[in-house]
């Protein structure tokens with residue numbers, strides 16, 4: 001069993017500004033652990049997390065990959081999340097490069113065909129469009145859950161613009177957290193329509209949410 005990264009360095013004050021790991025976080029960790037043998041086949045992988053928050057997911061992935069020459073890049077538009085991600089990396093002996101950005105703005109061309117593992121636990125809660133836009137503009141913790149009318153505004157922007165397929169390396173993997181209201185089967189179909197091998201690889205109920213992890217692999 002792969003140990004969960006330590007987060008003892010983060011405080012209550014941090015969690016007022018950055019999303020605290022919860023069941024949606026842990027289902028993503030479980031999906032990564034289930035794929036551990038496949039994830040370790042590349043000797044020098046480039047790993048990219050969109051919306052890194054506390055940094056726990058990237059740090060967990062580093063525990064799976066072990067002492068390799070992997071490169072870890074973590075994107076978040078919340079500046080306090082960038083700070084927490086760096087601190088979590090240090091606490092877990094992993095060097096993470098944290099970038100303040102929304103999705104892949106400014107990075108897509110540079111990363112084209114380079115990313116071996118792409119991770120995204122997006123803001124997936126259906127909200128009024130105005131609430132979602134305000135959350136994104138404030139660049140605070142609200143942006144960690146407010147997802148627009150279907151809970152998929154940022155996911156739609158990432159998938160429909162072709163960015164996932166664009167940045168993935170050959171045999172690169174994309175892991176995406178979704179809930180039932182986001183239509184996981186529809187997300188799978190949209191990724192498959194772009195030539196990716198997509199499927200729901202894990203699902204479970206947690207409180208009032210039915211969580212899913214969608215995985216897409218580039219041929």
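Residue numbers (UniProt numbering): 1 to 219.
Each residue gets a CB set at the ideal place from its N, CA and C atoms; glycine is no exception.
Bridge partners - residue i, DSSP secondary structure assignment
i: residue 197; result: 217
i: residue 224; result: The structure shown does not extend to residue 224, since the chain spans only 1 to 219, so no value can be given for it.
i: residue 72; result: 47 and 96
i: residue 190; result: In the DSSP output, where bridge partners are listed per residue, residue 190 has none listed.
i: residue 202; result: 213
Cβ separation of residue i and residue j, assumed to be a contact under 8 Å, to the nearest whole Å
i: residue 61; j: residue 47; result: 6 Å
i: residue 5; j: residue 56; result: 5 Å
i: residue 84; j: residue 10; result: 6 Å
i: residue 88; j: residue 7; result: 6 Å
i: residue 108; j: residue 167; result: 6 Å
i: residue 210; j: residue 203; result: 7 Å
Rounded straight-line distance, which links the Cα of residue j to that of residue i
i: residue 207; j: residue 24; result: 11 Å
i: residue 214; j: residue 191; result: 10 Å
i: residue 199; j: residue 162; result: 18 Å
i: residue 221; j: residue 165; result: The structure shown does not extend to residue 221, since the chain is modelled only from 1 through 219, so no value can be given for it.
i: residue 12; j: residue 98; result: 22 Å
i: residue 219; j: residue 172; result: 8 Å
i: residue 95; j: residue 64; result: 15 Å
i: residue 71; j: residue 38; result: 17 Å
i: residue 51; j: residue 76; result: 5 Å
i: residue 187; j: residue 212; result: 11 Å
i: residue 158; j: residue 93; result: 30 Å
i: residue 119; j: residue 181; result: 20 Å
message: My parser needs the alpha helix (DSSP H) runs of 4 or more residues fully inside the region 16-54; what are they?
response: 23-34 and 36-39, all fully within the region 16-54.
message: Counting beta carbon pairs with one atom in the region 146-165 and one in the region 117-126, are three or more of them shorter than 8 Å?
response: The answer is yes - the region 146-165 touches the region 117-126, with three or more Cβ pairs under 8 Å.
query: Would the region 22-41 and the region 170-180 be scored as touching if the rule is three or more Cβ pairs under 8 Å?
result: With a cut-off of 8 Å, the region 170-180 and the region 22-41 count as touching, because enough Cβ pairs lie within range.
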